[in-house]
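So the structure is just underneath, and the comments pick up after that.
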Amino acid sequence: MERCRLVFSGSGGQGVITAAILLAEAAVLCEGLNAVQSQSYGAEARGGATRSDVIIADGRIHYPKVLQPNVLVCLTQEAYNRFASIVRPGGLLITDTRYVKVQRKVDAQQRELPMYRTVVEQVGKPIVFNICMLGVVITLADLVRPESIMKVLEGRVPKDFLEMNQRALQLGVEMGNAAKA
Amino acid sequence: MGNTIKFVQGNEACVEAALYAGLDFFAGYPITPSTEIAELLAYRLPQIGGKFIQMEDEIASLCAIIGASLTGRKVMTATSGPGFSLMQEALGYAVMTEIPCVIANVQRGGPSTGIPTHVSQGDINQARWGTHGDHAIIALTASNHQDVFAMTVEAFNLAETYRTPVILLFDEVVGHMREKLVLPAAGEIPLVDRLRTSVKEGVDYHPYLPREDGRLPMSDFGGVHRYNVTGLVHDMWGFPSTDPQTVHGLLRHLVDKLENRANEIARYREYHLEDAEIVMISYGSSARSALHVVENRRQRGERMGLLELQTLWPFPSEMVRQKCAHAKSVVVVEMNMGQIMQSVKLAVAHPERVFLANRIDSNFITPSDIMNILRIIQGKGV
Chain A
1 MERCRLVFSG SGGQGVITAA ILLAEAAVLC EGLNAVQSQS YGAEARGGAT
51 RSDVIIADGR IHYPKVLQPN VLVCLTQEAY NRFASIVRPG GLLITDTRYV
101 KVQRKVDAQQ RELPMYRTVV EQVGKPIVFN ICMLGVVITL ADLVRPESIM
151 KVLEGRVPKD FLEMNQRALQ LGVEMGNAAK A
Chain B
182 MGNTIKFVQG NEACVEAALY AGLDFFAGYP ITPSTEIAEL LAYRLPQIGG
232 KFIQMEDEIA SLCAIIGASL TGRKVMTATS GPGFSLMQEA LGYAVMTEIP
282 CVIANVQRGG PSTGIPTHVS QGDINQARWG THGDHAIIAL TASNHQDVFA
332 MTVEAFNLAE TYRTPVILLF DEVVGHMREK LVLPAAGEIP LVDRLRTSVK
382 EGVDYHPYLP REDGRLPMSD FGGVHRYNVT GLVHDMWGFP STDPQTVHGL
432 LRHLVDKLEN RANEIARYRE YHLEDAEIVM ISYGSSARSA LHVVENRRQR
482 GERMGLLELQ TLWPFPSEMV RQKCAHAKSV VVVEMNMGQI MQSVKLAVAH
532 PERVFLANRI DSNFITPSDI MNILRIIQGK GV
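Protein sequences appear in the order of chains A and B.
Going by our numbering, the first residue of the first sequence is number 1, and it counts up by one from there.
Going by our numbering, the first residue of the second sequence is number 182, and it counts up by one from there.
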């Protein structure tokens, strides 16, 4: 696969860092790829604009941070305002319709998707918003299989919550497929 | 069955390696960005019958592991700059009493409490000279998790081999980022066990009388031999002495046992050095940015290479001099004001060809930072 650099951004508590870890872990443990994940720490990581970087590649990854993401996800207006301009030309910018009002055109495919609303309406729990987003990302960017994400989730999430995560992931995959066309 | 693959933080890789090396006693005081080491060991050590103690501060932490080591345990503590400053007194005590221990310092911005959550490599010279008096020390570092594992095991091995504290100088970027770690199988990396005395109970044991090869066999404190341990200059019995010959002999022994073996203790990696006109020297996380630049410029046909240091102290001067012998310029990439550059300048034949590519604003140095400085060195401007 071609090297893919991703930035997940949002606010503390939305699970953007967890989503980044799950994706990178699935790539390494289930798909035999290399991945590096890092995140911003400190006061800026609590509330405000939280950010986590992931690089996935076949070969070795040296510099571990992302300067120009192929895939940029913004789950809050603040994250969008701060990071939208760094998306790689020709890349992919994914925003959530409830939280982000897109204000400008960037040289990238823009996908405004009702991820939060869909999760609340169909799963009933906003806690799996991030998993739905992950379903969208892996589908649109063709990164790892949904089964790989589920396998990693099985090792991290209590059994009773797995089904909820599975449904959120599936919703994301469907939304991603619809947005591909 | 293949090796277990994990996706972990650098701090976690350090913990896995310490347990692999046989760590069974940890005392520490949590501090960003090293906290995960203490956190994970608090969970893991009791599971294998080891001991974890959260101490009141870093002074007590290092003192506790020194005591535990003397009784025969494999020991470690973990900290960051402010805690490492507090440990300097006990560090000198461990040097003087020749008690094996491992101290991980996951570096953050300094001086003082500095910038807890950001990266720096500002403690390199503190590791060398933070404690007073003529002495030698071992400090190791790594730029990726597989090497964090290898160097942590190495730290325990060298501590036992040379009866010395060994410092692991990691940094925030390596400590916190996550990447792949392949866990070596048991026995895959050789472990050095403590050299214990063969002197029987009731027979005189000289705790500080080196064997012919310079090594000092230990006797578990509180066991069959009664002996004295002191930070004062001491004789072969471990009792204080002001006899000039004894003082001279002890100081020479403490320094020579490491400095004379700098080549044996030198661990490093090299990339594209064979015909390199520009030799970059780096270590820890900044070596990742340097390697990114080297791999990139090599594709464009530029003769550039990287020497990645893993042993920082004792400084591998002879090896560095050889690797830089044919370089037109040597560029030291680090996140401080040139702490390793000073040692490089002393080591090479042409110190005027040594330049510094650094960043000290608490942000991780990027490949383009390095490229900008390279262009200036080459007279091309930014």
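Built from N, CA and C at the ideal position, the CB exists for glycine as well.
**OP:** Sort B:THR258, B:GLU239 and B:ILE247 by Cα distance to LEU226 (chain B) and report the nearest one.
**Re:** As a first step, residue 226 (chain B) must be located in the second sequence, where it is residue number 45. LEU226 (chain B) has its Cα closest to that of B:THR258, out of B:THR258, B:GLU239 and B:ILE247.
Original post:
Under the criterion of a Cβ to heavy atom distance below 8 Å, does ARG448 (chain B) qualify as lining the ligand MN?
Top reply: Judged by which ligands are present, the structure shown has none, so any question about the ligand MN falls away.
Original post:
Would you call TRP494 (chain B) buried or exposed, if buried means 16 or more other Cβ atoms sit within 10 Å of its Cβ?
Top reply: As a working mapping, residue 494 (chain B) is identified with position 313 in the second sequence. Buried, by the Cβ-count rule.
**OP:** Rounded to whole angstroms, what's the CA-CA distance from SER524 (chain B) to LEU490 (chain B)? Just pull it up for me.
**Re:** Residue 524 (chain B) sits at position 343 when you count from the first residue of the second sequence. Residue 490 (chain B) sits at position 309 when you count from the first residue of the second sequence. About 12 Å.
Original post:
So, is the C-beta of GLU112 (chain A) closer than 9 Å to a C-beta in chain B?
Top reply: Your numbering for residue 112 (chain A) matches position 112 in the first sequence. No, its Cβ sits nowhere closer than 9 Å to a Cβ of chain B.
Original post:
Comparing the C-beta of PRO64 (chain A) with each C-beta of chain B, is any distance below 9 Å?
Top reply: In the first sequence, residue 64 (chain A) corresponds to position 64, counting from 1. So yes, PRO64 (chain A) belongs to the interface.
Subject >> Residue environment, GLY13 (chain A), which counts as buried when at least 16 other CB atoms sit within 10 Å >> reply: If you number the first sequence from 1, residue 13 (chain A) lands on position 13. So GLY13 (chain A) counts as exposed.
Original post:
Going by alpha carbons, who is nearest to LEU431 (chain B) out of B:ASP456, B:ASP401, B:ARG479 and B:LEU397?
Top reply: In the second sequence, residue 431 (chain B) corresponds to position 250, counting from 1. Residue B:LEU397 is the option with its Cα nearest to LEU431 (chain B).
**OP:** Could you round the C-beta distance between ASN517 (chain B) and ILE305 (chain B) to whole angstroms and report it? I think they count as a contact, below 8 Å.
**Re:** As a first step, residue 517 (chain B) is located in the second sequence; it is residue number 336 there, counting from the start. As a first step, residue 305 (chain B) is located in the second sequence; it is residue number 124 there, counting from the start. Confirmed, Cβ separation roughly 7 Å.
**OP:** Would you be able to state if there are at least three C-beta pairs under 8 Å between the segment 388-404 of chain B and the segment 218-236 of chain B?
**Re:** no
Original post:
Got a sec: is the Cβ-Cβ distance from PHE188 (chain B) to anything in chain A below 9 Å?
Top reply: What you label residue 188 (chain B) is simply residue 7 of the second sequence in a count that begins at 1. Yes, PHE188 (chain B) counts as interfacial toward chain A.
Original post:
When you compare each of A:ALA179, A:VAL157 and A:SER38 to LEU113 (chain A) by their alpha carbons, which one comes out closest?
Top reply: In the first sequence, residue 113 (chain A) corresponds to position 113, counting from 1. Of the candidates A:ALA179, A:VAL157 and A:SER38, the one whose C-alpha sits nearest the C-alpha of LEU113 (chain A) is A:ALA179.
Subject >> chain A residues whose Cβ lies nearer than 9 Å to that of LYS509 (chain B) >> reply: Translated into positions along the second sequence, residue 509 (chain B) becomes position 328. Those do not exist, as LYS509 (chain B) stays about 24 Å from chain A at its closest Cβ, beyond 9 Å.
Original post:
Are the Cβ atoms of SER215 (chain B) and GLY264 (chain B) separated by less than 9 Å?
Top reply: Residue 215 (chain B) sits at position 34 when you count from the first residue of the second sequence. Residue 264 (chain B) sits at position 83 when you count from the first residue of the second sequence. Yes. Within cutoff.
Subject >> Integer-rounded CB distance, given that LYS255 (chain B) should sit under 8 Å from ALA323 (chain B) >> reply: On the second sequence, residue 323 (chain B) is found 142 positions in, with the first residue counted as 1. On the second sequence, residue 255 (chain B) is found 74 positions in, with the first residue counted as 1. In fact, because the Cβ distance is near 20 Å, the residues do not count as touching under 8 Å.
Original post:
Using DSSP with H/G/I as helix, E/B as strand and the rest coil, what is LEU362 (chain B)?
Top reply: The residue labelled residue 362 (chain B) in the question sits at position 181 within the second sequence. It is a strand residue.
Original post:
Counting Cβ pairs, one atom from each stretch, are 3 or more of them under 8 Å apart for the segment 376-393 of chain B and the segment 404-414 of chain B?
Top reply: yes
**OP:** Run the CB neighbour count on GLY519 (chain B), radius 10 Å, all protein chains shown included, and call it buried at 16 or more, exposed below.
**Re:** Residue mapping note: residue 519 (chain B) aligns to position 338 of the second sequence, counting from 1. Classification for GLY519 (chain B): buried.
Original post:
Which parts of the segment 405-462 of chain B are runs of the beta strand (DSSP E), unbroken and 3 residues or longer, counting only runs that do not cross its ends?
Top reply: 449-452
Original post:
Is the segment 423-441 of chain B close to the segment 501-509 of chain B, with three or more CB pairs under 8 Å?
Top reply: no
Subject >> Rounded straight-line distance, which links the Cα of MET115 (chain A) to that of GLY311 (chain B) >> reply: For this step, residue 311 (chain B) is matched to residue 130 along the second sequence. For this step, residue 115 (chain A) is matched to residue 115 along the first sequence. Each residue's alpha carbon lies about 54 Å from the other.
Subject >> Among B:GLU239, B:GLN228, B:PHE337 and B:GLU193, nearest to ILE446 (chain B) - alpha-carbon criterion >> reply: Residue numbering aside, residue 446 (chain B) sits at position 265 when the second sequence is read from its first letter. When only C-alpha atoms are compared, the closest one is B:PHE337.
Original post:
Where DSSP assigns a beta bridge to TRP310 (chain B), which residues make up the other side?
Top reply: Stepping through the second sequence from its first residue, residue 310 (chain B) is reached at position 129. Partner(s): none; TRP310 (chain B) has no beta bridge.
Original post:
Given 8 Å as the limit, is there contact between the segment 276-290 of chain B and the segment 346-353 of chain B, that is, 3 or more CB pairs closer than that?
Top reply: yes
Subject >> Residues that PRO548 (chain B) contacts on chain A, provided the C-beta gap is smaller than 8 Å >> reply: Position 367 of the second sequence, counted from the first residue, corresponds to residue 548 (chain B). Going along chain A in sequence order, the residues near PRO548 (chain B) (Cβ under 8 Å) are TYR63.
**OP:** May I have the straight-line CA-CA distance separating ILE234 (chain B) from TYR210 (chain B), to the nearest angstrom?
**Re:** As a position in the second sequence, residue 234 (chain B) is number 53, starting the count at 1. As a position in the second sequence, residue 210 (chain B) is number 29, starting the count at 1. Distance between the alpha carbons of ILE234 (chain B) and TYR210 (chain B) is about 9 Å.
Original post:
Under 9 Å Cβ-Cβ, which residues of chain B neighbour ALA179 (chain A)?
Top reply: Numbered from its first residue, the first sequence carries residue 179 (chain A) at position 179. Within chain B, no residue comes near ALA179 (chain A); the closest Cβ sits about 28 Å away, beyond 9 Å.
Original post:
Which of the residues in the segment 11-26 of chain A, read from start to end, lie with their CB under 7 Å from any CB of chain B?
Top reply: ILE21, ALA24 and GLU25
Subject >> Proximal chain B residues relative to VAL36 (chain A), where beta-carbon distance stays under 8 Å >> reply: Position 36 of the first sequence, counting from 1, holds the residue named residue 36 (chain A). Simply MET358, ARG359 and GLU360.
Subject >> Beta-carbon proximity list for GLN307 (chain B), same chain, < 7 Å, skipping 5 on both sides >> reply: In the second sequence, residue 307 (chain B) corresponds to position 126, counting from 1. Within the same chain, GLN307 (chain B) has close Cβ partners PHE265.
**OP:** Return the chain-ordered list of same chain residues with a C-beta closer than 6 Å to the C-beta of PRO497 (chain B), the five sequence neighbours on each side being excluded.
**Re:** Counting from one through the second sequence, the residue named residue 497 (chain B) turns up at place 316. Within the same chain, PRO497 (chain B) has close Cβ partners ALA443 and ALA447.
Original post:
In chain order, what residues of the segment 467-486 of chain B put their CB closer than 8 Å to some CB of chain A?
Top reply: ARG469, SER470, LEU472, HIS473 and GLU476
**OP:** Could you work out which residue in B:TYR274, B:ASP542 and B:ALA468 is closest to VAL410 (chain B) when comparing CA atoms only?
**Re:** On the second sequence, residue 410 (chain B) is found 229 positions in, with the first residue counted as 1. Of the candidates B:TYR274, B:ASP542 and B:ALA468, the one whose C-alpha sits nearest the C-alpha of VAL410 (chain B) is B:TYR274.
Original post:
Hey, does VAL354 (chain B) have any beta-carbon neighbour from chain A nearer than 9 Å?
Top reply: Taking the first residue of the second sequence as position 1, residue 354 (chain B) is located at position 173. Yes, VAL354 (chain B) lies at the interface with chain A (some Cβ there is under 9 Å from its Cβ).
Subject >> Neighbour flag for VAL144 (chain A) against chain B, beta carbons, 9 Å >> reply: Stepping through the first sequence from its first residue, residue 144 (chain A) is reached at position 144. Chain B contact via Cβ: absent.
**OP:** Please list the partners that PHE545 (chain B) has in chain A, where partner means a Cβ-to-Cβ separation under 7 Å.
**Re:** In the second sequence, the residue the question calls residue 545 (chain B) occupies position 364. Here the neighbours are LYS65.
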